[in-house]
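Read through the structure below, which is laid out as structure tokens, and then see the notes.
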Amino acid sequence: MSNISNTEKRSYLITLIAMIIHALLVVVNLVVFFRKVPLSTAFDIKSGVLYYMICFIIQALLLIAFFIFVLSFIKNINKKDFFNSGNYNKIFFSSIIIMVYGTLNSMKSLIGVDVTYKELLSTTPYTTVLLLSISLMMLNFLTIYNESESMK
């Protein structure tokens, strides 16, 4: 049982570190973006840059919300509160966030902006972090599965 507990603690720590790094990288990306792009271009409705930036910010906020759901889910698992009804909501909302994030990623490709802006506001590293977090969440599902098997 201590291996499971250690895995959960590591999962929580890795997720927390990933969330902090994500938040810092978003701030750095936005600072670099506004240093390189004039405000008149960034907030110009006709160029599409504003829409691209809005998608980027929404995706960043969705990923932070996802991290918060994952962290609270891991806390419940760590407390051995496997069958808490709140876990269902956390998993459900996490799934919805992932779907919206992916949809926004697809929609961004339809916004006709210059490649420079797409590079400055790239969500590729965040998508990788999201996939890592999903895998950590699935490892915690294994804990629930093992517990339910032992109760059988």
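With the numbering used here applied, the sequence shown covers 923 to 1074.
Note that CB positions come from ideal geometry on N, CA and C, so glycine has one too.
Of the choices 953, 961, 970, 952, whose alpha-carbon is the least far from that of residue 1035? 970
Taking residue 972 as the reference, give the member of 999, 955, 1047 with the closest Cα. 955
Delimiting residues of the alpha helix (DSSP H) encompassing residue 1016: 1007 to 1030
Start-to-end residues for the alpha helix (DSSP H) that takes in residue 1038: 1037 to 1042
Classify residue 999 as buried or exposed, calling it buried when 16 or more other Cβ atoms lie within 10 Å of its own Cβ. buried
With DSSP run on the structure shown, which of helix, strand or coil describes residue 933? helix
Cα-Cα separation between residue 1040 and residue 1059, rounded to whole angstroms: 30 Å
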